[in-house]
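Residue numbers (the UniProt record's numbering): 1 to 527.
Just so you know, even glycine gets a beta-carbon here, dropped at the ideal spot from N, CA and C.
As the structure is a prediction and not an experimental result, all values here were calculated from the model.
The next block holds one structure in the form of structure tokens; read it before the comments.
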């Protein structure tokens, strides 16, 4: 008789440790309430300031509006409204504080105002000729500012179609970000590496700014920290400035390997949050000047925003993934502990309802004493315990290696997938599992490699898998645009990891040199 099939022994790899476990627990309370894959990149996400449950998302030629409220099921958070009335890609969007109006900018240079409830196009502003980069409502609810891939900045009055002010040649390069400091003051940043502050009550020209400061790199984004302090994302640096002092930068933070596209401040937790081209979301403590927590993402972060109450944040990735995370639906352990009534707890303790008898009674000790032995021997057949196999183990039992690997990949469990790959290597069947894949199956495998190939716990095995994939499918890379994108992402991921390893080796060699010099100096001083 053949032996029973042995279940796959899933290895338990060491979990990553966190330098700040309390900080990690806090940010892990944010759970995905929306995880949606789109065919186009998410160009912009923005929460409403006064109503932080409302979020607008610009993707392709539409804008989705979400309301993050209490729900019964995981899938209940869906778009409550969608605006389709666009002729080109929507590059930016903003909700007014009362969430009744939506301002959008498109790639063809149009700035449009919509009534969110009825989806009516109320105004279309046409001064800009190039792609709109940012729009900003004034808190007076009358004005709107806009900037584009050009040097001008436009200030509009919502009641009319004509601009109230046009700041011609406000910067020497594309104006990337814009925001009102107060009702009378407007801040702009540009690829010309400068930050400028304008008094919009006066007639404006290129030299009428109230504040000017030059950075070391082109500026992508900025955010307000408090009344006078701002964080500026320039290159892979974050520069902290005080607008009362235009002579110098207060502090510079270098925490990213590539350009930072977004920077926001969470006033609830007092954390500065940054994200960009290195696929990392980082949470900074400005007091201790440390990165307190990091989230690794599958693609570059094009857009990011956090709600004013700190309960929700949203991410728009270059690969088309929209992530909305919230801790509204995560029970707060501290609050649960506070809800316990001491008097009720004492009453329950004093009552006898919770007491259960654990000792054995009279009948237990005298059981079987008067039972007579039967004349015949009883034959007890040994029952075989049924082994419950998971889906990938059933395929493995039938020698369907490709289906087994696909099933493990779909589970999104790294331990299971890597253990299965090791089992396939022992059976000399890894090439069989990787070969003859459809486009969807190949993308599934490539997504896993992109996700985990740089993890030191699995890199030895996954590098070998990547070599086999490249050898098998290098001749068909150009046949599918999606497959080509995935191979390009894999190449970028590996190239980035190699650069980081080289930098670490350089630092190690320098430290070794310093250590050797110190030892030589110590020996010479002793002699």
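If you draw a straight line from the Cα of residue 309 to the Cα of residue 322, it comes to about 21 Å. In this structure, residue 107 lies away from residue 51, with their beta-carbon atoms at least 7 Å apart. Cβ-Cβ separation between residue 395 and residue 413: approximately 16 Å, too far for a contact (criterion under 8 Å).
For residue 30, the three-state secondary structure derived from DSSP is coil. Here residue 283 is bridged, per DSSP, to 273 and 293. Apart from sequence neighbours up to five positions away, the residues of its chain that approach residue 298 with a beta-carbon distance below 8 Å are 279, 317, 319, 321, 447, 450 and 451, ordered along the chain. Within the same chain, 176, 177, 195, 219, 222 and 232 come within 7 Å of residue 189 by CB-CB distance, once the 5 residues on both sides are set aside. Taken in chain order, the unbroken stretches of beta strand (DSSP E) that lie wholly in the stretch 212–237 and span 3 residues or more are 219–224 and 229–234. When only Cα atoms are considered, residue 128 and residue 156 end up about 12 Å apart. Listed in chain order, the alpha helix (DSSP H) elements of length 4 or more contained wholly in the UniProt repeat "WD" (125–166) amount to none. A Cβ-Cβ distance of about 14 Å is found for the pair residue 420 and residue 444, leaving them out of contact under the 8 Å criterion. Between the alpha carbons of residue 105 and residue 111 lies a gap of roughly 5 Å. Note: residue 54 is bridge-paired with 67 in the DSSP secondary-structure output.
Look at residue 387 here: in three-state DSSP terms it is coil, with no helix or strand label. Relative to the Cα of residue 470, the nearest Cα in the group 490, 459, 480 and 458 belongs to 490. Around the CB of residue 423, 16 or more other CB atoms lie within 10 Å, so the residue is classed as buried.
Here residue 58 really is in contact with residue 43; their C-beta atoms are around 5 Å apart, less than 8 Å. Between the stretch 225–243 and the stretch 474–483 there are fewer than three inter-stretch CB-CB distances shorter than 8 Å, so the stretches are not counted as touching. Counted as a single uninterrupted DSSP element, the beta strand (DSSP E) harbouring residue 182 occupies residues 175–182.
Taking residue 158 as reference, the option from 273, 90 and 140 with the minimal CA-CA separation is 140. Your pair residue 130 and residue 92 does not check out as a contact, with CB atoms roughly 13 Å apart and the cut at 8 Å.
For residue 187, the secondary structure class from DSSP, reduced to helix, strand or coil, is strand. Take residue 436, set aside five residues on each side of it, and the residues of its chain with a beta-carbon closer than 8 Å to its own are 402, in chain order. Around the Cβ of residue 311, a 10 Å sphere holds 16 or more other Cβ atoms; the residue is buried. Nearest to residue 260 by alpha-carbon distance, out of 137, 247, 522 and 303, is 303. According to the DSSP secondary-structure assignment, residue 316 is paired through a beta bridge with 303 and 322. A straight-line Cα-Cα distance of about 11 Å links residue 12 and residue 457. In the DSSP assignment, residue 522 falls within the alpha helix (DSSP H) that extends over 481–526. Out of 282, 163, 89 and 8, the CA that lies nearest to the CA of residue 24 is found in 282. Straight through space, the alpha carbons of residue 327 and residue 276 are spaced by roughly 23 Å. The beta carbon of residue 288 sits closer than 6 Å to none of the beta carbons in its chain outside the five residues before and after it.
If one requires a minimum length of 3 residues, no beta strand (DSSP E) run lies completely within the stretch 448–483. Excluding five sequence positions before and after residue 182, the CB atoms of its chain that fall closer than 8 Å to its own CB belong to 139, given in chain order.
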